[in-house]
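Numbering-wise, the sequence shown is residues 0 to 116 according to numbering that gives the first Met the number 0. Glycine residues also receive a C-beta, built at the ideal position from the N, C-alpha and C atoms. Here is the structure we will look at, set down as structure tokens.
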Amino acid sequence: MSFKAILATVAVLTGAASIASPVLAQGARSAAPAAPATAGQIDINSASRDDLMSLDGIGEVRADAIIRARPFKTKADLVERRLIPEAVYEKIADKVMARPPPAAPPARPAQPAPRRT
0 MSFKAILATV AVLTGAASIA SPVLAQGARS AAPAAPATAG QIDINSASRD
50 DLMSLDGIGE VRADAIIRAR PFKTKADLVE RRLIPEAVYE KIADKVMARP
100 PPAAPPARPA QPAPRRT
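Printed below as a string of structure tokens:
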């Protein structure tokens, strides 16, 4: 693998492909493995306000409402909870996903206080 292809692959994996030169970005497309279906999708459970606002039909108010309503089990919860209209959902459905939040560690049972004698 050439240096340019390696550099381009690193740029794609780190999300810096838009910064790389067109030659590097072109090399990355041919050298990089096929991207999974979730690549490039925005996770509505962890996306920043700015990331949400980059979606069609999502402005400041809707982005803030989405953040306040987290976590979501599915991306369809956006419509079910009436955060966005169905028409907006149809525009963005292929651009978003709802990755489940990390599971909280199980709570440890409280230790009884030591007895004084």
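Candidates K90, K72, A112: which alpha carbon is nearest A102's?
Nearest option by C-alpha distance: K72.
Using DSSP bridges, identify the partner residues of M96.
DSSP output for M96 lists D42 as bridge partner(s).
Answer yes or no: do K94 and Q40 have a C-beta to C-beta separation smaller than 8 Å?
Contact: yes.
What is the rounded straight-line gap between the Cα of L51 and the Cα of I57?
Taking the straight line from one Cα to the other gives about 7 Å.
Cutting at 6 Å between CB atoms, please list the residues of its own chain near A38, excluding the five before and the five after it.
Nothing meets the Cβ criterion.
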